[in-house]
Every structure is written in structure tokens, then in C-alpha cells.
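Residue numbers (our numbering): 373 to 597. Idealized CB from N, CA, C, for every residue including glycine. Written below as C-alpha cells is the structure these notes are about.
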């Protein structure tokens, strides 16, 4: 059960390791709610803060906690469209005001959606662009929908979800003063049906052997010591 930001990486690692993974991916808030409601899983991937809280409550095995890396929240456009300069507040505001539609995930349950809704308020443009907002349950769906849209839409979600979606182009992370970098973390569920295999998979998810896959997927990794 995983945040959508890790979906492409999990799939790539499972294919490389020849592991059959049955995964449920989506907004972190929705995944956390499913887990807390009793839906079973062997491995959970959420934000570091959420995993730490679950570990304190004994719902995941604390000694198995493994960071995958940091993912920036970023701006995207359709592939082949002009790339706006969003390196500062003025450029970001101008790009959003010029767009035909603004795509981003659930502003109540998705990490990027919650944050980007605050960015729109911070920029003071939400009332102006409200009719053009297009929200979807998660970042992956938002980007797929934007890829199929006409005109000149713009989008915002986690960089890993942008990179994993054909037809969209990652412009840049949100600029200074508006940025969000989220650490995603894996752990074994305290009620895992197959705890040994779950531990092995978590070790692979956060281990040295998967660093290149994580970096390719869009995770920012700490330097090797």
C-alpha cells in the first residue's frame, strides 16, 4: 500500500527483482485511511512523518523503517508545449494565470494537492483561476488527464509522478518560498501476512542496490558516505 509518488519506482524495482507485487497506490491521505481502517498489506510507503507516527503506535515494525528519498513538488506542462519560467514568484503566478486549466491532485488528501492549494492562496490568485482548476484523486491521474487535455494546461504534483507520465514534461520544482520536498519512507506492517518477504522487499526499496532506480524515478538521494 503506497503513496502514488513511489508507484513507478516500486514497479521498476519489482520487475528488476522479479517480485510479484500486488499494490494499491494513491494519495497518501487515502492510503493512510485505508491502512488505519484495517485493510491489510505487507509493506506500507507513506511520508516519513506518517510512517514515524505509525511506528510509535506499533502499527508498523520500527526496525524496518527505510527512507526511499526526497521528492520535490514540481510544475509540469504538456510535452511539446512552451516551457514557462517558474523560477520565481512572478513567473509562477504569470504561468498559472496564463494557463487554460490547472491540474493537481486532491487538495484534501494528496501531499502535493494540499500544498499546491496553499500555494494558490499564497499567490493570491485562487479566486481568479478557480473555474480552471481540475482536481483528481492523485497525482498520476492528474498528469494523465493533463496529457490528454487540449490547449495550454499546467499542472503541479510530485516530480516522480510527472516523470512517470508520458505526454507531460517536468518544468521545475516549485520556486523558493513555495517549495515542498517530501521524504517517502517504507516499512513492514505489524500485521504483515508474509513478514520475511516484506522485510526483504523493504530492504531492496531503501537499499544501496536500488539507488540508481530511485534517482531515475525522481527521488533526490543523500550522498553516499
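Cβ-Cβ distance between residue 376 and residue 397 below 8 Å
Looking up residue 376 in the chain shown gives position 4. Looking up residue 397 in the chain shown gives position 25. Yes, the Cβ-Cβ distance between residue 376 and residue 397 is below 8 Å.
Using the Cα positions of residue 531 and residue 586, report the straight-line distance between them to the nearest angstrom.
Walking along the chain shown from the start, residue 531 turns up at place 159. Walking along the chain shown from the start, residue 586 turns up at place 214. C-alpha separation (whole angstroms): 12 Å.
Mind checking residue 580: buried by the 16 CB within 10 Å criterion, or exposed?
Here residue 580 refers to the residue found at position 208 of the chain shown. Exposed: under 16 other Cβ atoms inside 10 Å.
Only counting runs of 4 or more residues, tell me where the alpha helix (DSSP H) segments fall wholly within the stretch 475 to 551, in order along the chain.
List check, alpha helix (DSSP H) in window: 483 to 495, 498 to 501, 511 to 520 and 531 to 535.
From residue 417 to residue 373, what does the alpha carbon distance come to, in whole angstroms?
Residue 417 sits at position 45 when you count from the first residue of the chain shown. Residue 373 sits at position 1 when you count from the first residue of the chain shown. Straight-line Cα distance between these residues: approximately 6 Å.
Cα-Cα, which of 495, 470, 542 and 403 is closest to residue 443?
Numbered from 1 along the chain shown, position 71 holds the residue referred to as residue 443. The residue with the shortest Cα to Cα distance from residue 443 is 542.
Reduced DSSP secondary structure (H/G/I, E/B, other) of residue 381
Stepping through the chain shown from its first residue, residue 381 is reached at position 9. Three-state result, residue 381: helix.
Give the straight-line distance between the Cα atoms of residue 511 and residue 550, rounded to the nearest whole angstrom.
Here residue 511 corresponds to residue number 139 of the chain shown, with the count starting at 1. Here residue 550 corresponds to residue number 178 of the chain shown, with the count starting at 1. Approximately 18 Å between the Cα atoms of the pair.
Looking at residue 394: is its Cβ nearer than 8 Å to the Cβ of residue 577?
In the chain shown, counting from the first residue as 1, residue 394 sits at position 22. In the chain shown, counting from the first residue as 1, residue 577 sits at position 205. Taking 8 Å as the Cβ cut-off, residue 394 and residue 577 do not qualify as a contacting pair.
Tell me whether the beta-carbon of residue 400 lies closer than 8 Å to the beta-carbon of residue 482.
Working through the chain shown from its first residue, we reach residue 400 at position 28. Working through the chain shown from its first residue, we reach residue 482 at position 110. In contact: residue 400 and residue 482 (Cβ atoms closer than 8 Å).
Since residue 554 is in the beta strand (DSSP E), which residue starts that stretch and which ends it?
As a first step, residue 554 must be located in the chain shown, where it is residue number 182. Looking at the DSSP string, the run of the beta strand (DSSP E) that includes residue 554 is 553 to 560.
Rounding to the nearest angstrom, what Cα-Cα distance links residue 588 and residue 528 in this structure?
Position 216 of the chain shown, counting from 1, holds the residue named residue 588. Position 156 of the chain shown, counting from 1, holds the residue named residue 528. If you take the alpha carbons of residue 588 and residue 528, they lie about 19 Å apart.
Are residue 506 and residue 517 close, meaning C-beta to C-beta below 8 Å?
Sequence index remark: in the chain shown, residue 506 carries index 134 (1-based). Sequence index remark: in the chain shown, residue 517 carries index 145 (1-based). A contact, by the Cβ cut-off of 8 Å.
According to the Cβ coordinates, are residue 464 and residue 547 closer than 8 Å?
Sequence index remark: in the chain shown, residue 464 carries index 92 (1-based). Sequence index remark: in the chain shown, residue 547 carries index 175 (1-based). For residue 464 and residue 547, yes; Cβs fall inside 8 Å.
Is it true that the CB of residue 477 sits closer than 8 Å to the CB of residue 509?
Stepping through the chain shown from its first residue, residue 509 is reached at position 137. Stepping through the chain shown from its first residue, residue 477 is reached at position 105. A contact, by the Cβ cut-off of 8 Å.
With a threshold of 7 Å on Cβ separation, who are the neighbours of residue 389 within its own chain once the five nearest residues in sequence on each side are excluded?
Locating residue 389 in the chain shown gives position 17, counting from the first residue. Result list for residue 389: 576, in chain order.
Report yes or no: do the stretch 562 to 574 and the stretch 453 to 463 share at least 3 C-beta pairs separated by less than 8 Å?
no
Buried or exposed: which applies to residue 525, given that a residue is buried once 16 or more other Cβ atoms fall within 10 Å of its Cβ?
The count along the chain shown starts at 1 and reaches residue 525 at position 153. Burial call: buried.
Output the boundary residues of the beta strand (DSSP E) element that contains residue 438.
On the chain shown, position 66 is the one that residue 438 refers to. First-last of the beta strand (DSSP E) with residue 438: 438 to 450.
By Cβ distance, which residues of its chain are closer than 6 Å to residue 522, with the 5 residues on each side in sequence left out?
Along the chain shown, one-based indexing puts residue 522 at 150. Same-chain partners within the cutoff: there are none.
Residue range of the unbroken beta strand (DSSP E) whose run includes residue 574
Taking the first residue of the chain shown as 1, we reach residue 574 at position 202. First-last for residue 574: 567 to 578, but that is the alpha helix (DSSP H), not the beta strand (DSSP E).
Using the three-state DSSP reduction, which class does residue 397 fall into: helix, strand or coil?
Working through the chain shown from its first residue, we reach residue 397 at position 25. Residue 397 falls in the strand class under three-state DSSP.
Boundaries (first-last residue) of the alpha helix (DSSP H) holding residue 426:
In the chain shown, the residue the question calls residue 426 occupies position 54. Run containing residue 426: 420 to 428, per the alpha helix (DSSP H) assignment.
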